[in-house]
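Heads up, the thing below is written out as structure tokens.
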Amino acid sequence: MSRARKTKNPKRRRRKRKKRLLREYCARIDQQAAQTGGAEQDGAEPSTTALPSDKDAPGPKTASTADQKTSSSESKQRFKPRKVPDRDYYPRPGKMERQYLGFQRRVTALIDEKIAKGSATLDKWKRDAGAFMEEFQRKEKIQREELELDLGRMRVNHREMLDMQARQIGRLKKKFEEING
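Okay, here's the thing in structure tokens:
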């Protein structure tokens, strides 16, 4: 449940109230001055008007009421709007084509960058794959040579064992024939 703001800012209300009172006092003083100015022309003495005390009226102490009135009217004045050239207001015939061509240039440049980056990555992968294949083929060749050497040794050992057994069989046959013979 959200908490809603119950009252407005009291300081802001006081400030607005003081401004409103000050404007009313200034307007009243101007009216009285205008009335007394008309009376002075008739030859009558100007009457003194009761000005608000310094405590009641915030603002500069040395400034006259006319100055205060002009300063409040100046604060209401807004900034003068900036003059924008007509080319920004009204559509020009070639504007969209130029914008499209600029957009197309930016897009093609971006696509070219992406293609270059992708082809560089593919080239790197190819180099890495080529290096891997070379290493793989080198290791395969070394292992094949080692296997051929091992196979050659095994054949030699097998022949020697067969020859040794053949000789032993031959000796045993001779002994058998000598014994039986």
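Residue numbering for the sequence shown follows UniProt numbering, starting at 1 and increasing by one per position. Virtual Cβ for every residue (Gly too), placed ideally from N, Cα, C.
Under the three-state DSSP convention, the category residue i falls into
i: Tyr100; result: helix
i: Tyr25; result: helix
i: Phe79; result: coil
i: Arg155; result: helix
i: Pro93; result: coil
i: Val107; result: helix
i: Gly130; result: helix
i: Asn9; result: coil
i: Gly181; result: coil
Contacting residues, own chain, Cβ-Cβ under 6 Å from residue i (five flanking each side not counted)
i: Ala63; result: Because Ala63 sits at a pLDDT of 47, beneath the cut-off of 50, its placement in the model cannot be relied upon, and the following sentence gives the value as read from the coordinates. Contacts found: none.
i: Phe136; result: none
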